[in-house]
Structure formats: structure tokens, C-alpha cells
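Novice: What follows is a structure written as C-alpha cells; I'll ask about it next.
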Amino acid sequence: MKLIITAPRGKMASLIVADAASRDNVEIVAGVGPAGRDYIGRDIGEVAMIGCSVGAPVVDDLESVIDQADVVCDFSTVELGMEVLDACIRHHKALVIGTTGFSPEQRAKLEEASKTIPIMIAANTDRMVNVMRKLLMDAAKELYEDTDIEIIDMHDNTKLDAPSGTARELIESMGEAVGRDLVSDAVYGRPLGRHPREKGKVTFHALRGGDTPSSHTVFFFGEGERLEITHHCLNWKGCAKGAVNACIWMADQPVGLYGIRESMGL
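Counting from 22, one number per residue, gives the positions in the sequence shown under the working numbering.
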């Protein structure tokens, strides 16, 4: 499978480069970075600082290399992600996009693109997180009507979007399980003053600070008891492995919209 990876200097993408470079069934053909960066033209292995050269350049023009690839993997920024999407549409290339923070309009454009290319939208490609999603769907089926549900997502101080894409996906999955749009109907934090809790509404809380690893906890508060389901991400290697697995899987998929759970068989 021939792969292009965007933003190879990034925290997540550099780990994707390392994982992909270690596989016999994956060939990295290029990386893509923003114009003007001092690493444009260098080997992607050097740029991602994985300790070896890969034999693939980092370019600032995706159009110049995209026809060499089977799949484009994007974990970058909203702005670059939309440019990558446009290029994939023009060249009919499969796209795995793990970038988060898209507006509703941008999200709609991503979904519309699935009518012309294979596209996977995956806020979290870690297998354990997606097993957590499965557990939460079961818990929601049994407990939604009788508990108050709240979620805390914790990230470092460079995280831009709140709630996190993972937090949204976890609650979306619970909503899928109970037949309700729990994200659109959710509460985001609590304002000052007296505000009685509204039954049936999930509440999001986002903590951002220091270099703390990513953590997500969903609470089901009942009478005299509570259930907590938590995932702690100590590093991003599990996400990188899942992302490369998803790209390999997507190389064989027809036009359509996919989620990470499908590639994992969950």
C-alpha cells in the first residue's frame, strides 16, 4: 500500500511515519508540509525524527505527488485537512482523516465527499478507545434512562478543540445505542448561578493543561452508586498503529463513508 502522510513533524503524524516505515506491506511515497517550512525537500524519516531515512521526500504541494499514492493519511489542522480533502476529490484518492475541530459545514463537506471517494473520518484510531466505545454503547442501553451521564476529556495545553473529537465520538456512539442525538442536545460545562440539571442530557467537561496525556472518563451517576469507564492514553503509539491499519484497510474499500470501528471489526 502506497501512502502519503501529511504534517510529518506533528506529534501524531511523526508516530504514524515511524509505524508505517516499520511495515513490509506499506511504502511511504511522500510527506506533505505547509509551504515555507525549513524541512521541505528533506526525507520524511529525518523530518519525523524516527532515526532513519525512508527514501520519501516531504513536499509542500500535495498535487505533485498524490497520484503515486493509494491512500492519504491526514492528522494535521482543519485548514490543511480541507485542502487535502479537495486534492483527494480531484485525484480520486482514498483519505483517512483524523484531524478534529471541523465546523458543521466542514464536516458536511467531508461527508459529501464520500459520494465520490472512499473516506474515513476517525477522531481516535486507538483500538482500546474503540473497545471503550463498544462498552459505552452497552452501558447506555442499560443505564441511560436511570442515570445522569457526564464526560470529562483531559488533554495538554496545546489541544485546540473542545470537546475533543474522541469525547464527541464516544457520546455519538452512546446516542446511536439509545436512538437519540446526545451530542446536539448536550450541555457544555456549567455557567455560574443556579442551573438545575436537565434529565437525559449529557454534559461535556474539557480540561486542558501542561503536557498531560489524553484521558477520557464517562460517568453514569445513579442513586447511591456510579459507574465510571475510563481510558488513559500514555502515548500516541496505539493511535499511530490504528491509523496505519486503517490506511491499509481503506486501500481496498469502494467509494463511501467509513468509521474506524469498521476497520477494526468492532
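Glycine residues also receive a C-beta, built at the ideal position from the N, C-alpha and C atoms.
From the DSSP output, read off the bridge partner residues of E246.
Specialist: Note: E246 sits in no beta bridge, so no partner.
Novice: Starting from D50, trace the beta strand (DSSP E) in both directions and tell me its first and last residue.
Specialist: One point to set straight first is that residue 50 is Val, not Asp, in the sequence displayed. V50 -> beta strand (DSSP E) spans E48 to V53.
Novice: Look up T251 in the DSSP assignment and give the residues it is bridged to.
Specialist: Beta-bridge analysis with DSSP links T251 to T238.
Novice: Along the chain, where does the beta strand (DSSP E) containing T187 start, and where does it finish?
Specialist: No beta strand (DSSP E) holds T187; the alpha helix (DSSP H) holding it covers G186 to V199.
Novice: Could you tell me which residues DSSP pairs with Y209 in its beta bridges?
Specialist: F225
Novice: Under 6 Å Cβ to Cβ from D174, same chain only, skipping five residues before and after it: list those, please.
Specialist: The beta carbon of D174 sits closer than 6 Å to the beta carbons of P184, S185, A188, A227 and H237 from its chain, once the five residues preceding and following it are set aside; these are given in chain order.
Novice: Using beta-carbon positions only, say whether G54 and V79 come within less than 9 Å of one another.
Specialist: yes
Novice: Taking V92 as part of the beta strand (DSSP E), name the residues at either end of that continuous run.
Specialist: V92 to D95
Novice: My guess is that I250 and M153 are in contact by the Cβ rule of under 8 Å, so how many angstroms apart are they, rounded?
Specialist: Yes, they are in contact, since the Cβ atoms of I250 and M153 sit about 6 Å apart, within 8 Å.
Novice: Is M195 closer than 9 Å to S284 when the C-beta atoms are compared?
Specialist: S284 is not a Cβ neighbour of M195, given a cutoff of 9 Å.
Novice: From which residue to which residue does the alpha helix (DSSP H) around K130 run?
Specialist: P125 to A134
Novice: Excluding the five sequence neighbours on either side, which residues of its own chain have a C-beta within less than 7 Å of the C-beta of K155, listed in chain order?
Specialist: L287
Novice: If you draw a straight line from the alpha carbon of I138 to that of P234, how long is it in whole angstroms?
Specialist: 34 Å
Novice: Here's the rule I'm using: 16 or more other beta-carbon atoms within 10 Å means buried, otherwise exposed. How should T179 be labelled?
Specialist: exposed
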